[in-house]
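First the structure, in the form of structure tokens, and then the observations on it.
Residue numbers (my numbering): 20 to 203.
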């Protein structure tokens, strides 16, 4: 199924957001499993607002958190993409790669495949110099994806928006440079 993809991988198409994504995305963001490593679930209004913000970022920057679908049937599975870090952290302003997939698409290699395609787009098309990624230290599946796509752990930090004793406050920080990516 072809849908004006910005770029694609073997099984995934990366595209702009559509109104038809909102229902599935809202359901994802209200799911305990999907949101286990985030401070809380999102309401439908918050989820819809997040899509609007992601679409505005794509429009303004030419990159962002793309809607991702299966090429074989057009099923929306979540997002994978790039965003600018605007937390009060040492790496503020860095470009981050991130992903959030509906749980029925977990453990099928989509996060890794999509993240690899996103890195290729970042380094080969957008000519970015380095990409960061971070997650809660408890989110071992996401950390494993970071390792599998060639990123290196460069540190840990306390998430500035989470309370001091919040269980998700401790985060791991990964990075990959263009030169490391191109030497693979």
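Backbone N, C-alpha and C fix where the C-beta goes; we use that ideal spot for every residue, glycine too.
Query raised in the report: Hey, residue 44 and residue 25 are a contact pair by Cβ (cut 8 Å); roughly how many whole angstroms apart?
Result: A Cβ-Cβ separation of about 18 Å leaves residue 44 out of contact with residue 25 under the 8 Å criterion.
Query - Straight-line Cα distance separating residue 105 from residue 83 - result: Note on geometry: alpha-carbon atoms of residue 83 and residue 105 lie some 14 Å from one another.
Query raised in the report: What's the call for residue 150, buried or exposed, on a 16-neighbour Cβ count within 10 Å?
Result: So residue 150 ends up on the buried side.
Query raised in the report: Can you tell which of 120, 27, 102 has its C-alpha closest to the C-alpha of residue 160?
Result: Taking only the C-alpha atoms, the option nearest residue 160 is 120.
Query raised in the report: Which value, in whole angstroms, describes the spacing of the CA atoms of residue 165 and residue 91?
Result: Cα to Cα, the separation comes out at about 26 Å.
Query raised in the report: For residue 210, is the classification buried or exposed, using 16 other Cβ atoms within 10 angstroms of its Cβ as the cut-off for buried?
Result: Nothing can be reported for residue 210: it is not among the residues displayed for the chain, which extend from 20 to 203.
Query - Own chain partners of residue 170 with C-beta closer than 7 Å, once the 5 adjacent residues on each side are dropped - result: Counting only Cβ-Cβ distances below 7 Å, and skipping sequence neighbours, we find 152, 193, 194, 195.
Query raised in the report: Do residue 101 and residue 115 have their C-beta atoms within less than 8 Å of each other?
Result: Contact check for residue 101 against residue 115 passes: the beta carbons are separated by less than 8 Å.
Report task. Answer with buried or exposed for residue 36, where buried requires no fewer than 16 other C-beta atoms within 10 angstroms of its C-beta. Result -> With a 10 Å radius around the Cβ and a threshold of 16 neighbouring Cβ atoms, residue 36 comes out buried.
Query raised in the report: Where does residue 66 land, buried or exposed, given buried means 16+ other C-beta within 10 angstroms?
Result: With 16 or more other Cβ atoms within 10 Å, it is buried.
Query raised in the report: Under a CB-based cut-off of 8 Å, is residue 96 close to chain C?
Result: In the structure shown, chain C does not exist; there is a single protein chain.
Report task. Return yes when the C-beta of residue 82 is under 7 Å from any heavy atom of the ligand GDP, and no when it is not. Result -> For the ligand GDP, the structure offers nothing, since it holds no ligand at all.
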